[in-house]
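Protein sequence lines, in the order shown, are assigned to chains F and A.
FYI, the numbering for the first sequence is -5 to 566, going by the working numbering.
FYI, the numbering for the second sequence is -5 to 566, going by the working numbering.
Protein chains: 2
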Amino acid sequence: MRTSKYLLSTLKETPNDAEIVSHQLMLRAGMIRKLASGLYTWLPTGLRVLRKVENIIREEMNKAGAVETLMPVVQPSELWQETGRWDKFGPELLRIADRHDRPFVLGPTHEEVITDMVRNEVKSYKQLPLSLYQIQTKFRDEVRPRFGVMRSREFIMKDAYSFHIDRESLEATYQDMHTAYCNIFNRMGLDFRPVLADSGAIGGSGSQEFHVLAESGEDLIAFSTDSDYAANIEKAEALAPTTPRAEPTQAMTLVDTPDAKTIAQLVEQFDLPIEQTIKTLYVKASEHIEAPIIALLLRGDHELNEVKAENLPEVAAPLTFATEEEIRELIGAGPGSLGPVGLKLPFITDHAVAVMSDFAAGANIDDKHYFGINWGRDVELGQVADLRNVVEGDPSPCGQGTLLLKRGIEVGHIFQLGTNYSESMKASVLGPDGKSVTMEMGCYGIGCTRVVAASIEQNHDQNGIIWPNAIAPFEVVIVPMNMHKSERVQEAAEKLYADLQAQGIDVLFDDRKERPGVMLSDMELIGIPHMVIIGDRSMDEGNFEYKNRRSGEKTPVPMSDVVAHLQAQLAQ
Amino acid sequence: MRTSKYLLSTLKETPNDAEIVSHQLMLRAGMIRKLASGLYTWLPTGLRVLRKVENIIREEMNKAGAVETLMPVVQPSELWQETGRWDKFGPELLRIADRHDRPFVLGPTHEEVITDMVRNEVKSYKQLPLSLYQIQTKFRDEVRPRFGVMRSREFIMKDAYSFHIDRESLEATYQDMHTAYCNIFNRMGLDFRPVLADSGAIGGSGSQEFHVLAESGEDLIAFSTDSDYAANIEKAEALAPTTPRAEPTQAMTLVDTPDAKTIAQLVEQFDLPIEQTIKTLYVKASEHIEAPIIALLLRGDHELNEVKAENLPEVAAPLTFATEEEIRELIGAGPGSLGPVGLKLPFITDHAVAVMSDFAAGANIDDKHYFGINWGRDVELGQVADLRNVVEGDPSPCGQGTLLLKRGIEVGHIFQLGTNYSESMKASVLGPDGKSVTMEMGCYGIGCTRVVAASIEQNHDQNGIIWPNAIAPFEVVIVPMNMHKSERVQEAAEKLYADLQAQGIDVLFDDRKERPGVMLSDMELIGIPHMVIIGDRSMDEGNFEYKNRRSGEKTPVPMSDVVAHLQAQLAQ
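If you want it as structure tokens, here you go:
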């Protein structure tokens, strides 16, 4: 490709509305342009990267035995009604009506459509297992689209679905997909980790997310210092302490605390260790218990894990915090003075709280706390559960080492759905004994457009993007210096361009009449991994100059060796 | 690919609701499935063809210097308001609202989006000419989707757009695109013709359609017997007769014709040659003339060409026929008795009518006609124009030969838009003299999904589809006979499968435990061009059997020669 026939569209300035570095660099490097909130046009440079990402995914899906299909973007509402998601899905599901006023959706995912197709086409266990995938445009009407293509409304996903006669077959394919995902992200040159994920409302037994590690990530991942264990903080188990509860040493006393509305104020004003305080949060209770709200008790320095709380049968889903009015009506006191002592409502205690002694908590009387509370003596310890987010230094649930926390960007998710969809949609086959069997299902997603942004979060410097070879928009760029003044430079550049193309190398030839500085900084911004600079001065010595985008190193390379030199670089 | 890991989904029966052969065969061969009216899922076999079609288009677009981009499916209404198409476009334009009730459309085409992008990114004539294209999902809410993917609501198009500093540059790119389109359809092995097309409401000077010739085509194409001339019948000019009008031989007489409401009845009851009759059609007049309706006069055996009529400045667009009430109110007589004699309203006369003598027409009195009418003597001949569809035998407008008519399926359209969009959207660049110049634009479409169906209309027999090599879902299929009973057959089939894959041949291995007859008829239905049948009987003689899908010929080929034999077939 010659830049003179191309749409380069680099920007000098960082656009104001781009918050994270990948969004800034994708705009500056001329990869994307915003059409409307959450809607982006992929300019040529961006699309070249996206297509390479898609092709790697396609190749590895094919290797894993999945077969490609393509389902419509527009889906009839009837299928979503069958699974109940027409009602359950929030406003992210964009509902539309056609000219005859029939209801449709813009597909945010395709479980319904694929299950409908497979129940019609697959009749016998002999046709199983079957894995199908597509690379298709999806739409999710995010309330606040942000970070460019990282969280856009229209995006491209690879979504695969597998169908099985039994659990064992599902688990085998799930493992194959795990391997394929590792191959995919390795081939893209990304620093990633598969992490345990919550299976949440969809149910199913197994679920792993694939995260690209980056400081801008929206997710927190817990890693073991000593093993392969990694889990989304939503899922990472906080083990119950193994040290026993200390014996009481203090009497329980009622203390006036009019200026202590928060744990921080209480700790400061009364010089308490924060580990000796507890906080009491009220959430809506589920229909399983006879109380409108239920209290969750956490140590003062711990954070509620909302996913763990929501997964408790006693807690209503989606998790909803009680309002101050509801609390005041039922307790007689407001937030800031709540606690377990004398409480008539049910509560669930975090493991870490259950081993505390001589602790402080609200007295359920405005402006008063109890100090020196002890379990058993002052209040009965009821149900104990894992309610909190893990923190760095917690023992790893795998039994080896302690936990570290890092930020990650979710780029993939693999999921054992089980019979969640196949049951409601009656997707069954005849088994070996001639009886009807509901198919087991798995689903496996990769956000293709998001992968592009995540790669940049992990591969950039102050000058721009640094592409891994496999997903670079071009592998090599030729930058001739003042070509339009030097016939020798022009001839050498044209010849090298032809030679590299003949070797099947994906090469950009910057044939613009621009100042060398502009061309070099554009190419660093775009992040092409390998650059050959052709100028009169180095040619006097029989050389071209090779520059590696990642190391920044410049090396003179004899003109006759440059193709081989580049091939060696690309083979690395 | 092994059929055991694949979703073959062939059907024995022809589905009831499929009217044309491509729709029937795409369903039967397991290429597509209907999800809802005008919405189709592409099953693996269909998608393989579609991807090959897309790749051929992509390669030829790249060769023609066009650069690939990708624009969103969902487009903001504001851009459509800028060009006025928000109001002008009918209900085929699906208008939707997002969660914040902001109006969007599902893009049926992307002129607005690309023009917006280019006006933002391109500032100087130095960046021109620029050609951009995408292969993207489109949506057109057809009132009556039909013929499967031939006229579906969601479909995939390649749409290219070119931008230029002047007309000459546009014309040069238009010619390059013409060449690229010929290369594309030639590579696909299709019998196609570029034909002149009407530029209609969009204006612009040049426009050609690319038609695949097939009896089921919705369009009629006029060809010259002696030259390359070809035009959509909408556009094909009916030349004015060169023979002069004959002198009058009859007096004009008023005849009672109570039972002649149609030309056919008039001709039959009064034994008139149909070439001596004229019919009078009334349509709404445009604001350019001072009459609510205007008459169009055609020879009794000729058909009105609605596109030609609509393009006349005196006729309102869109073409609207007057109602019987409107006619009766203004003329005093009804359809069946209309004609030019004594008429107070304006009329336009077709060239063929202008040379008639002694002809019959309605008298503008119910149940009466005039016979023996002559121009000048009985009624003044006013404006004469080309109003009719050409018929076979008409002289070709190119001056060579006469016209033949054939049916075609429009699969592509290239168009010199001029400044239609760039002017309303203020898409301009700085010219060489530093002054702002509105860009000239071209647009170039191919219906990727429709091409697949059109290919089948042209390539099938009673047993199923016959794919050209370049777009076949698989190039070769291996059909082993009773493999599960013969180790020798199985080994030979596995070895051939591996050998063909190693040669980069796209091969399907039918490893199902099916009866040979079922396997053979499935593969003929799917239309794989080259088949190798492996059986004990032919192996006894050291042969495999090669069967060519198109010729139906079976040839024994020595086992050791079969790879070379297939390579030779594929190279043809």
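Heads up, the beta-carbon is just placed ideally off N, CA and C, and yes, glycines get one too.
Nothing here was measured: the structure is a model prediction, and the numbers come from that model.
Item: Buried versus exposed, by CB contacts within 10 Å (16 or more), residue 565(A); Value: exposed
Item: Helix, strand or coil at residue 284(A) [DSSP, three-state]; Value: coil
Item: Backbone secondary structure at residue 176(F) - three-state DSSP; Value: helix
Item: Chain F contacts made by the region 344 to 372 of chain A, where a contact means CB separation under 9 Å; Value: none
Item: Beta carbon proximity, residue 126(A) to chain F, threshold 8 Å; Value: yes
Item: DSSP-derived helix/strand/coil call for residue 437(F); Value: strand
Item: Min CB distance residue 34(F) to chain A below 8 Å; Value: yes
Item: For residue 183(A), the nearest candidate out of 226(A), 352(A), 46(A), 324(A) (CA to CA); Value: 46(A)
Item: Contacting positions in the region 78 to 90 of chain A - beta carbon closer than 7 Å to chain F; Value: 85, 88, 90
Item: Buried versus exposed call for residue 197(A) [16 or more other C-beta atoms within 10 Å across all chains shown]; Value: The pLDDT assigned to residue 197(A) is 48, lower than 50, so where the model puts this residue is not dependable; a value taken from the coordinates is nonetheless given after this. So residue 197(A) ends up on the exposed side.
Item: Counted within 10 angstroms of its Cβ, other Cβ atoms place residue 468(F) as buried (16 or more) or exposed; Value: buried
Item: Closest residue to residue 451(F) among 207(F), 517(F), 259(F) (Cα-Cα distance); Value: 207(F)
Item: Cross-chain neighbours of residue 111(A) in chain F, by beta carbon under 7 Å; Value: 27, 35
Item: The region 500 to 529 of chain F: positions lying closer than 7 Å to chain A by Cβ; Value: none
Item: Status (buried if at least 16 other CB within 10 Å, exposed otherwise) for residue 125(A); Value: buried
Item: For residue 353(F) and residue 249(F), believed in contact at Cβ under 8 Å, the rounded distance; Value: 13 Å between Cβ atoms; not a contact.
Item: Ranges of the beta strand (DSSP E) found wholly within the region 53 to 83 of chain A, counting only runs of at least 3; Value: 68 to 70
Item: Coarse secondary structure for residue 457(F), derived from DSSP in three states; Value: coil
Item: Beta carbon proximity, residue 62(A) to chain F, threshold 8 Å; Value: yes
Item: Contact list for residue 307(F) against chain A, beta-carbon separation under 9 Å; Value: Chain A residues near residue 307(F): none, gap ~32 Å exceeds 9 Å.
Item: Closer than 9 Å at the beta carbon, the chain F residues around residue 191(A); Value: By Cβ distance, chain F contributes nothing, its closest Cβ being about 27 Å from residue 191(A), past 9 Å.
Item: Distance between residue 139(F) and residue 407(F) (C-alpha atoms, nearest Å); Value: 21 Å
Item: Reduced DSSP category for residue 5(F) - H, G, I as helix; E, B as strand; rest coil; Value: coil
Item: Where the alpha helix (DSSP H) through residue 113(A) begins and ends; Value: 105 to 115
Item: Cβ pair count under 8 Å reaching 3, the region 513 to 526 of chain F against the region 466 to 482 of chain F; Value: yes
Item: Chain A within 8 Å of residue 67(F), Cβ atoms only; Value: yes
Item: Under 7 Å from the C-beta of residue 293(F): neighbouring residues of chain A; Value: Simply none; closest approach about 39 Å.
Item: Segment contact, 8 Å Cβ cut-off, at least three pairs: the region 52 to 69 of chain A with the region 471 to 485 of chain A; Value: no
Item: Cutoff 8 Å: residue 133(A) Cβ touching any chain F Cβ; Value: yes
Item: Beta-carbon neighbours of residue 41(F), restricted to chain A and to distances below 7 Å; Value: 62, 63, 64
Item: Host alpha helix (DSSP H) of residue 468(F) (start-end); Value: Taken as a continuous stretch (DSSP letters only), residue 468(F) belongs to no alpha helix (DSSP H), as it is neither H nor E.
Item: For residue 163(F) and residue 200(F), the rounded distance between their alpha carbons; Value: 14 Å
Item: Proximity winner among 187(F), 20(F), 268(F), relative to residue 142(F) (alpha-carbon distances); Value: 20(F)
Item: Proximal residues, the region 135 to 166 of chain F versus chain A, C-beta separation under 8 Å; Value: 135, 137, 147, 148
Item: CB contact check: residue 92(F) to chain A, cutoff 8 Å; Value: yes
Item: Same chain, Cβ closer than 8 Å to residue 532(A), neighbours up to 5 away in sequence not counted; Value: 538, 539, 550
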